[in-house]
Amino acid sequence: MAEREAVFRTEGLTKIYRVGEVAIQALRGVDVTFYSGEFVVLLGASGGGKSTLLNILGGLDTATEGRVFYGPQELTHASDAELTDYRRHFVGFVFQFYNLIPSLTARENVAIVTEIAREPMTPEEALRLVELQHRLDHFPAQLSGGEQQRVAIARAIAKRPAVLLCDEPTGALDSKTGVVVLEALARVNEELGTTTVVITHNAAIAAMADRVIHLSDGRITGVETNARRIPPSELSW
Amino acid sequence: MRPRALTRKLLRDLWNLRGQALAIAMVIAGGVATWVISYSAIDSLVLTQDAFYRESRFAEVFATLKRAPKRLEERIADIPGVAEVETRTVALANLEVEGFADPIRGLMVSIPDQGESRLNRLFLRSGRLPAPRAPDEVVVSEPFAEAHGFRAGDTLDAIINGRRRTLTMVGVGLSAEYVYQIAPGDLFPDYERYAILWMREEPLSAAQGTQDAFNDVALTLEQGVQPQEVIDRLDDLLRPYGSTGAIARADQASHKYLEQEIDGLRSSAGVVPVIFLAVAAFLINVVIARTVDQQRDQVAVLKAFGYGNRAIGMHYAGLILLIVAVGSLPGVLAGAWAGSALAELYRVFFRFPYLHYVLAPEVVITGVGITAGAALLGALRAVRKASRLPPAEAMRPEPPMVYRASVVERAGLQRWFDQPTRMVMRHLERKPGKALLSVLGIAMAGAILMVGNFQEDAIDFMLDVQFGLAQRQDLTVTFVEPTGREAVLELAGIPGVFRAEPFRSVPVQLRVGHRTYRTAIQGFENRGDLYRTLDARLRPVEFPPEGVLLTDYLGERLGVQPGDWITVEVQEGAQPVREVQVAGLVSEYVGLSAYMHIDALNRLMQEGPVVSGAFLAVDRAQQTRLFAELRERPRIIGTSQREVGIQSFEETMGETLLVFAFVNTLLAGSIAFGVVYNAARITLSETSRELASLRVLGFTRGEVAYILIGELAVLTLLAIPVGFVIGYWFCAVIAQAFASELFRIPLIVEPSTYGFSAMIVLAAAVISALLMGRKLYHLDLVAVLKTRE
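Protein chains in written order, with my numbering: chain A, 1 to 237; chain B, 238 to 1026.
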């Protein structure tokens, strides 16, 4: 696998939060590489530093120490404008709590991203990919949790991002609904070749990944490569 | 590429915020309307004055004299800088109208025998000019005609130069020269008892004894000529003919009053809207910052998906500008409507024949611009705050606030308070800055509610002092010329006269260095009962045996203190110039005067014990007979009634001021409501999650409402006294701004004014609390807990 193209690379990534007078060390020198087109699950207990790592990769947060690269581009000291541009064109986010704009319909929640992207699919296409073509004009409050999360996925992939970063995408969902969401992610990964990083504390999900990275107490404690990816429909928890 | 979805978000957000947005729009409308009303009314007044002056060819220099031959007119025209000259005859007359017992003073002004005047043209409102050389036809001033309900063809009697004649009124007119028709020596216009009559020159000069001569002249000047140069030459020419000195337009009575009034309006009507708009701008800034603050997670999402700070800033700017537009439009419309109504009130008050209402674009632009600017600053401050955070952090709910035991609890008093009350106290203490802004906002709203009532209180007080303590005479009788003191004894002897006190009044120009002021020195006896001057504590002042007392405001204007010397240039008789020491300052709310002991004034004039007139206290029951008696005395030129003075003040200036104050109170009310409602609404959305959690834990609606409304109640109760302090300060600023030569308003704030402000703020709080209670009732517990924030 030596010819695989690296999408992300970090060197000694460290993050310290200060809450009042307490310093919390979320990352303690993380060195990791993500490759083009792979589906990675970041597994660990809550508080292990997964979200922090994802947020730094996505340009939503900055590291205290260490360096982070997107391809050849170093993000470590990128300006706010550079990070904005980076997020606009290369990254798709899916959050645990969906973070849809409550005053916009499903279609409009996707459109808000496609309207500023370079070569997006149409909102309708994106929503078809997550099988929501029949719920285009519903507001978030009129959709179930699983549907809202699928809108969030459609919104994330509609710009055809190079990477898709998902923070506990099934965290707020039951198993059956969670599988539907994971299927949508797997399909996007396969059909569009989008590098996908999924954070979860749910070990069952690890089976659908190319690689599983274990994160605990701010450090990488292990990396596994799955010989075979199990389709989400065969997962349950 | 225009992000249409963002536009749609904007419109839907606006719709979802409609309650708050409407309240904010109300504040904006209130501020903008006050601004537009005042400035458009004043602009219109100035424009109307200019237009009327230009149309009627209002003169620029005026002089009165005893009698000069007509041929002098040519020499006046030859003075360099003079453009046009008109000579005429002006006569004082006593008028009698059938069925009206009170004495009426009339000023008869000649117009050329043929056609119209060259200068100071009459503006005919109805009827026609007198026929050429018509001996007994006159045009009368409109307010006088209206006051008596005259129509063309009606007659009145005039005693001119001691001879009675019956005049037919053939027309009703207005003149730029007498826009403000005020009898000499009066403080306020009295349209029933003072009239201007225009008559053809030949018959009037025959009656006055100025055939082939004139006793009054008006001039216009060539472009760029300073009036003083012409005045000096004119004075040289006219002094031998008994001129008391020519005056520039700036000193012409009607124009001077008008200018003072407009200046007064400009500063008074200027200060109130500045206060209102500043308050509205401050409130909008705070409210909008907090409203946008609530959307911090949405700002983070937009950032996460690659929207730049500029795009997000523009988005919220758009939202805010829409709200500003929603508020400004009715504000400008209502302002224009009320502004034209106010301008019309001014027009009637000032007696302009027409009104040019103008709403200058600058007025709208500054008013709306200041509001929009304040709103945008508030919004951008919040957007910047939200976008400075890394999006990952902004999307998280705000970290739990560091609560701690409140002051009350630390003082060991917690056992007196139940848990919800402790929550209210901790809430307020948690964000003291926010609580302070809320208190300040509500306080400002309360403060502007005091402004309107203060004006009413102050005017009442001013009238009480002026007419209750200072001027207490029923009648003021003025003689044709200074007369021996025995005339006063004679007046005192007339049946129905209880008391008569003499006065001497000398027209003067006071000079200190380059500062001058034209007024009259009034000479009174000590221990007078009918006309007293008061010190700052409203106690009657003794007149010193020597020296002059000045109204404190006049002292300030001339820059003199007791003990300083001033130059008195007498404008009567031989026109002596004297140095007089300022013996003290007196406090007066109306007019600017100088006072001396009557004996000291007689000595200053180097004359015997003479008087200009007398103040009378009379028996009301015998008033009619008394008037008839006074009319028979040819030496009496005029009689004025105190009560009429009060009435006319209340009807004119008082009414205008109070209508204006009432409109301001209404607008202040709408601002107050908008602010209190917003404070409540924002508190609700900031705490709704917490309140829903409490409901889930088993708190009743009432208990939860107590926490929310308790906070609002504490804020409101704290704000009310703070509002009193700010309000008192606003009133002080307004009193300062109102101070003019015509009147000063005292800084008197009645308890009822405080009460009114507190009442309206409380009412707004109660209504807001009820609306919040309704929202709490419909609080969706599950939904609030499921979503973050």
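Note that the Cβ used here is the ideal one computed from N, Cα and C, for glycine as well.
Using a Cβ distance threshold of 8 Å, Ile525 of chain B and Ile557 of chain B count as a contacting pair.
Sixteen is the threshold: when 16 or more other Cβ atoms of the shown chains lie within 10 Å of the Cβ of Lys15 of chain A, as they do, the residue is buried. DSSP places Ser565 of chain B inside the alpha helix (DSSP H), whose first and last residues are 546-587. Secondary structure note for Ser824 of chain B: it is in no beta strand (DSSP E), with a DSSP letter that is neither H nor E.
Put simply, the CB of Asp530 of chain B is far from chain A, with every gap to its CB atoms at 8 Å or more. Around Arg926 of chain B, no beta-carbon contact reaches into chain A at under 7 Å, the shortest distance being about 13 Å. For Ser277 of chain B, same chain residues with a beta-carbon under 8 Å away, outside a window of 5 residues either side, are Gly572, Ala573, Gly576, Ser577, Ala580, Tyr594, Val595, Leu596, Ala597, Val600 in chain order. When DSSP reads this structure, Ala851 of chain B sits in a beta bridge with B:Val714, B:Pro739. Nearest C-alpha to Val467 of chain B among B:Leu771, B:Cys968, B:Val322, B:Ser830: B:Val322. Residue-level contact by beta carbon holds for Asp534 of chain B and chain A, with a gap shorter than 8 Å.
Note that the C-beta distance between Val198 of chain A and Val163 of chain A is not below 8 Å. In the three-state scheme derived from DSSP, where H, G and I count as helix and E and B as strand, Thr52 of chain A is classed as helix.
Under DSSP, Gly410 of chain B takes part in a beta bridge, and its partners are B:Leu361, B:Ser378. At a cut-off of 8 Å between C-beta atoms, Tyr544 of chain B counts as an interface residue with respect to chain A. The three-state secondary structure of Phe299 of chain B, taken from DSSP, is strand. Residue state for Met833 of chain B is assigned as strand, using DSSP reduced to three classes. At a Cβ-Cβ threshold of 8 Å, Phe93 of chain A and Gly58 of chain A count as neighbours.
At a cut-off of 8 Å between beta-carbon atoms, Leu984 of chain B makes no contact with chain A. Judged by beta-carbon spacing, Gln710 of chain B lies beyond the 8 Å limit of Arg870 of chain B, meaning their Cβ atoms are not closer than that value. Arg150 of chain A sits in a helix when the DSSP states are folded into three classes. Listed along the chain, the chain A residues whose CB falls inside 7 Å of the CB of Pro628 of chain B are Leu60.
Taking the Cα positions, Glu335 of chain B is about 7 Å away from Leu393 of chain B.
For Ala541 of chain B, the nearest CB of chain A lies under 8 Å from its own CB, placing it at the interface with that chain.
Of all alpha-carbon atoms in B:Ile521, B:Leu475, B:Ala537, the one lying nearest the alpha-carbon of Ala260 of chain B is that of B:Ile521. According to the DSSP secondary-structure assignment, Ser877 of chain B is paired through a beta bridge with B:Thr713.
Counting along the chain, Leu235 of chain A sits inside no beta strand (DSSP E), nor does DSSP assign it H or E at all.
Its chain contains Ala207, Met208 as the residues whose beta carbon lies nearer than 8 Å to that of Ile230 of chain A, once the 5 sequence neighbours on both sides are disregarded; these appear in chain order. Going by DSSP, Gly947 of chain B is part of the alpha helix (DSSP H) stretching over 938-975.
Listed along the chain, the chain A residues whose CB falls inside 8 Å of the CB of Arg241 of chain B are Ala111, Glu115. For Arg87 of chain A, the closest Cβ of chain B is nearer than 8 Å. An exposed status is given to Ile24 of chain A, since fewer than 16 other beta-carbon atoms sit within 10 Å of its beta-carbon. Cβ contact annotation for Ala974 of chain B (same chain, cutoff 8 Å, sequence separation greater than five): Ser504, Ser505, Gly507, Val508, in chain order. Distance from the Cα of Glu779 of chain B is smallest, within the candidate group B:Thr301, B:Asp789, B:Phe761, B:Val913, for B:Phe761. Classified as exposed, His77 of chain A has fewer than 16 neighbouring CB atoms from the shown chains inside 10 Å of its CB. The segment 397-475 of chain B is shown to contain whole beta strand (DSSP E) runs of 3 or more residues at 400-412, 431-437, 450-458, in chain order. Residue-level contact check: Lys246 of chain B touches chain A, since one or more beta carbons of chain A fall below 8 Å from its beta carbon.
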